[in-house]
Amino acid sequence: MRRFAHARAAPRQHVHRGTVSASAFWFDPELLGEQEARRRVMALWAPGASVLFVAEGYLLRLHCAQRVSTGSSPGLPLTLEGGVLTSAPLAASEWARLGAPRDSLVLVRAGVARVHPLSSARVVDLSSWFDVSAWTVLPTRSLGAPPPPVAAAVEPVAPVTRASFGGSIPEPSDEARVVLARMEGRAPPSDAVVAERPGLLARLRSAWTGRSAASSGSSGDGAVASAGVLSRLRSLWGAASKAETAEGEGGGGSRWLGRLAAWLRNTPSTAGALPSGEGKGSSSSGSRREALAPRTPSLLGRLWAALRPRSTEKAAGGGRGARGGQTSPRNAEPPPGPGSLARLSQWLLRHTPLGELLGRRKAEYLRRLFEMFEGGDLHEALRHAIPLNQKLNENTREALGLPGPREDLKLRLGPRGPAATFAGGEELYEALRQRYRAALQRFEREGRIEEAAFILSELLGAHEEAVAFLERHRRFKLAAELAEGRALAPGLVVRQWFLAKDPQRAKAIARRSGCFEDAVLRLESTHFAEAHELRLLWGQSRAEAGSWVQAVEAIWPVQAAREQAREWIERGVDVGGVGGARLLALWAGSLPGGLDAARARVLALLDDDSLNGAAERLAFAQTLASEPPSGVRSALLVPTVRALMRDRALVPAHLPTDFITYLLRDLPDGALRADLPALAPKVPSPWTRFVVQATASLGDAGPFAIHDAVVLPSDRLLLALGEAGAVLLSAEGRRLAHFDVPAFSLVASIHGDRVLAIARRGELHHVSRVDVVRRRAAAWCDVAMHAWAPTYDGETWFVASELTVMMLDAQAAEPRALWRVSKVPGPVAMLAADETHLCFVTTDAECWVYALQDGPTLRSREPFVALGKGVSAVLRSCAITADGEVRASVHFSDREYPRPGEADWLWVKPQGPRFAAPMSVVGESLERVKCFLSESWRAELTLFDGAWQVRLLDVREVMRARLNFTFEESPTPQVRLTNTALLMFDTRGRMLWLDLEHGTVRNVGAA
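Positions in the sequence shown are counted from 1; adding 13 to them yields my numbering.
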C-alpha cells in the first residue's frame, strides 16, 4: 500500500546536478525492475550501511558520505541537509513550506516534493534476498585439539595422618578402629579382626563350668580365669544393697538388670570404678586389652550400619559443592540433627538399664586408659586415646559405643554427620586433658616434636596451638599443611606457607581468600624481613590486577621499594578517575621532586571546571589532607581550596561543609580562612527533581553494530563492535584507540584500566585481554562457559561451565581455577560479583549467595518461592546483584493446570542491611519486559507506543528517567546498568548514555 506524505510542495529544481556529496541513494523498483534494484543495492552495500523501504523504493544509507556525479550515479543521490535527506536542492522558502522534521526524507517525484518520515519505515533484511534453500549445512569441528579442562591453581594438600607426625606414632588397634566405627554409625573396617562375641548359651555354660566363654574354644593365651558362679552371685547381691542406698529411687530394676547383664557378659561389675583406676578390677596388660576389645554388633546394629554409609558418604562430599578437595570446608552444609533412631537411643540410655550397662563399660575403658598413661605405656595409650576436639551443639548425641581413634586416621575436612560425645562430664575431660598435657611435655623434652604436635591437634583439638608449636620448633612445612588441612584462618595459612619457603602457594591462597593484609600483620610481629617480602608480593599482585592504589599502599612502608611505588603511581594517574586523583596527590606531596614532575597534571585537574571532575578533585583534596604538614602540601592547599569552592557552587551537595575549614587549619597565613564565605548546607542533587527523557531514532544510528559497552574512568567509553573489534571513545565521542580483537561482550575491571573481550566460537568462548591504559590487546584463552560475571577485580573472575561455578585466575597464562563448586542442581542462568559477594541463580529458580572474605563461603541458598507438589519453575529472565537481590520472571506450571506463555515476577531481598523495595510491575505485557539491577537503581525495558523504552527507578521505586529507541521493528536493545551510568544501545549503532551522578544524557554512536 502506498504511503502518503505528510507535506508536499512544487520545488523549482527536481534533482541534484553536477557532483554532490551523497549520504544515501534511492532506488525505484518500478523503474529499474525488482532484480536490478536489488543488484544495485547489494553492489553499494558495505558494513555500517542500512536499507529501508521508503516511498515504494529502497533507501540505502551509507556508512559515510561519498562524492558522486549525478550523471553516472547508480541511484537517485540524496544529500543530508540539517538531518534531512533530500533528492533535490531546495530554497529556504521551500524548506519552510515543507516543514520536514529531522530523520525524514524529501523525495521529489513528478514535480512534487513529499516528506517521508524514516522512523516508521520498514527495515529491509538483505539476507532474505539470498536463496540458500539448495545449500546443505555440514557439521564442522575444530582442526585443533580442544582446550584442556580448567585446572586447579592450588592443588589440595594431602590429608594430615598419623604418619605426618613421624613414624613413632603408633597405628590404632583393630579394636579401637571398630569401636570408633560403631560410635560414628559406620560399618566396621573389613580388615579389622576382632574376637566373636559368645552367645547367650555359651555364657550360661561358662558360668556354670567356671570358664570364660571367650577362652572356651581357644588356647587361652593370656586369658584370665573368671570367678566362679557362687562368687559372682555373692558379689552381685552384696553390691545390690549398697547401690540401693547410694542411688536415687526408681532405678532399682535398671541397676539389677545392669548387674545381671554384666554378670552374663563375664565382666566384673565396676559401678564404683574411678577414672584414676582406684578400687577393684585392676588387671594385667593382657586383661586390659581384653577389656578394651569391642564386641560384634547385634543384628539391629549390623542392619543400621549397612544403611548408615549411604547418608554418611553423601554428607562427606558426595553432595552439592564437593569436588576433589577444592571446595572449602566453610562451604559445607550444617550437619543434620539426630535421626529417629538416634533419639530412640538417647531415650533408651535415660530410661532403661542400657544406660547403666553402657556407663560401666565406659568406666572400665577409661580405667584401663588411665592405667596406660600412669604406667608410662604411651604407645598403647595413643592407640586408644579419646579425642577431646568435639564441639557440642544441639545436634550432639551421646555415643552408644566405646571411644577410639578414627578408622583411617585422616582429617576429613568435608561435612560430617551428627557429633557424638562420650558423656563423661567436665571433670573426666579435665582429667584426660591433664594426662595429654603431661604426655605432650614429655615428648617435647625428649625432642619428639611431631608426636607432641599430634597430641595437640588430634587429641586436644588445639589446632592453632599445634601450628604455633610446630613453627616454634621450625617444622614449617608440617605447620603449613596442618593449618591448611584444618581450615584455619587464611591469613595464618598464608603465613605458614611463606615461612615454609613456598611463596607461590602462599600467594595463590592469599589471592583466592583476599587475606594479604592479615598475613602481613601476622608476619610483621615475628618475621619482619619476611613480612616485607610478602608486602612486595602483595603489591605486585594488586598491580597486576590494575588496583594501583592498593598496590602502592601495600609496598609504601618498604622504603627500598619507593622507586617501584613511583612507577605504579604514574601508571595509576594515567588511568585517571578517583583512584588516579589520590595517587596524583601522593605523587606531588610525598615523593622527592614529585611536585615538579606532576605540576602540569595537578594544574590540569584543578583548573578543569567540568562537573565530571568534581569527584576527582575531592579525592585529591582528601588525600592531601591526610599528608603531614610540609611546604609542598601548603603550596597545593590554596589552589585546591579554590577548585573545591568552585565545585561547591556548581554542585552544592558535593562537598562536606566543614571539610574546607579542616584543609585550611595548617596554613600559616590565616587570610584565606578569614575570607572564607559561609557555606550553605547540603541540598539534594537537582536532577532527581524531574524525570529525564531522551530519544534516539534511526537517524542517530552509527556505522557499526554495538554489541556491548562499558563506562571507564574519566568518562571514557569502550564499545564492543563484534568481529570489528573494540573502540575506545573520549567523553566527546572522539575515537582514542581501536583494539583488533573480536568483542561481543565486555567484562570490565572494577579499577577501569583493563577489560576482557569475549566472542563465541562454537561451544567455546574466545577471551582476549584489553589494556586500556597502554592501548594494547592480546588473546588470552578459549574456555567452555555459558555464563559469567559482568565485572571482575583484575585478579579473579567468576564463570559458570555446565554445573560448575569457578573462580578463574585472570592473571594466569592459561585459565586456572582458584576455587570451584560443582554439581549445582541446575544450569547457572546469571552471575554477579563484587569485592565482597558472589551471587548466582539457576534455571530452576534457586539463588546462591557467597561471602568472599577469607575465601568464598556459602551464606545463603534458597529457591525464589516454595513449590508445591508437582509444580515446576522455569526461569524466563532475571536481574541480580552481588549481595543477593533478585528480580526474576518465572514460569510456573503443573501437570493439571499448565499455563503456557504466562510468567510471574518475583523479588528476593538482598543479604544484609541494604534497603531495597519490592518490585512494582508495569502495565505492559510481562513477556516483553526485562529488568536490570544495581545497588542503587532499577531499570525496566518495555515496548511502549511503538518504541523501546527503558524506565529508570530509584530504590524507592520512583521514576527518574525514560530513554527511548524509536521504531518497533528494530532489534531488542541492550542495557547495562551500574551505580553511576545507564547505557542503552542496539546493533544499529544507536546509544544513549545517562550519567546517574549528574542526570545528563549523551547520544553516542560508534565513530
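We put the beta carbon where it would ideally sit given N, CA and C, even for glycine.
Model, not experiment: these values are computed from the prediction.
- Taking a 10 Å sphere around the C-beta of residue 675, we find fewer than 16 other C-beta atoms and assign the residue as exposed.
- For the pair of segments examined, the segment 50-67 was found not to touch the segment 104-112: the number of CB pairs separated by less than 8 Å stays below three.
- Shown here for residue 752: same chain residues with a beta carbon closer than 6 Å to its own, the five before and five after excluded, namely 738, 739, 783, 790 in chain order.
- Cβ neighbours of residue 460 within its own chain (closer than 6 Å, five residues either side excluded): none.
- Under DSSP, residue 90 shares a beta bridge with 38.
- By the Cβ neighbour-count rule, residue 865 is buried, with 16 or more other Cβ atoms within 10 Å of its own.
- Classified as exposed, residue 882 has fewer than 16 neighbouring CB atoms from the shown chains inside 10 Å of its CB.
- Below 8 Å, too few C-beta pairs join the segment 153-166 and the segment 131-145 to call them touching: fewer than three.
- Apart from the 5 residues on each side of it in sequence, residue 898 sits with its Cβ closer than 7 Å to the Cβ of 921, 922, 923, 929, 946 in its chain, given in chain order.
- For residue 971 and residue 905, the gap between their C-alpha atoms comes out near 29 Å.
- The beta carbon of residue 134 is closer than 6 Å to those of 65, 67 in its chain, skipping five residues each way along the sequence.
- Here residue 60 has 76, 716, 717, 737 as same chain residues with Cβ atoms under 8 Å from its own Cβ, once five neighbours each way along the sequence are excluded.
- Cβ contact annotation for residue 513 (same chain, cutoff 7 Å, sequence separation greater than five): 489, 490, 493, in chain order.
- The Cβ-Cβ distance between residue 770 and residue 781 falls below 9 Å.
- Three or more beta-carbon pairs separated by less than 8 Å are not found between the segment 717-735 and the segment 78-85, which leaves the two stretches without contact.
- Assignment of residue 795 by DSSP, reduced to helix, strand and coil, places it in the strand class.
- Residue burial is scored here from C-beta neighbours: residue 476 has at least 16 other C-beta atoms within 10 angstroms and is therefore classed as buried.
- The beta carbon of residue 992 is closer than 8 Å to those of 947, 948, 949, 950, 1009 in its chain, skipping five residues each way along the sequence.
- Note that the C-beta distance between residue 166 and residue 830 is below 9 Å.
- Between the segment 883-898 and the segment 842-851 there are three or more C-beta pairs closer than 8 Å, enough to call the two in contact.
- From the listed residues 795, 870, 554, the smallest Cα separation to residue 832 is found for 870.
- Residue 97 sits close to residue 118, with the two beta carbons spaced by under 9 Å.
- Two segments are said to touch when three or more pairs of C-beta atoms, one from each, lie closer than 8 Å; by this definition the segment 805-812 touches the segment 542-559.
- Each of 549, 594, 590, 559 was checked against the Cα of residue 572, and the nearest Cα belongs to 549.
- Short of 6 Å from the beta carbon of residue 509, and not among the five residues preceding or following it, lie these beta carbons of its own chain, in chain order: 492, 493, 496.
- Taking the CA atoms as reference points, residue 852 sits about 7 Å from residue 860.
- Counting only the Cα atoms, residue 984 lies some 7 Å from residue 1000.
- Counting along the chain, residue 772 sits inside the beta strand (DSSP E) bounded by residues 767-774.
- Residue pairing of residue 943 in beta bridges, as defined by DSSP: 954.
- Per the C-alpha coordinates, the member of 766, 609, 650 positioned closest to residue 619 is 650.
- Under the DSSP assignment, residue 129 falls in the beta strand (DSSP E) whose first and last residues are 125-130.
- Residue pairing of residue 67 in beta bridges, as defined by DSSP: 70.
- Annotation for residue 919: 877, 878, 901, 903 place their beta carbon closer than 7 Å to its own, counting only its chain and skipping 5 residues before and after.
- With a 10 Å radius around the Cβ and a threshold of 16 neighbouring Cβ atoms, residue 581 comes out buried.
- DSSP places residue 831 inside the beta strand (DSSP E), whose first and last residues are 829-834.
- The Cβ atoms of residue 995 and residue 952 sit closer than 9 Å to each other.
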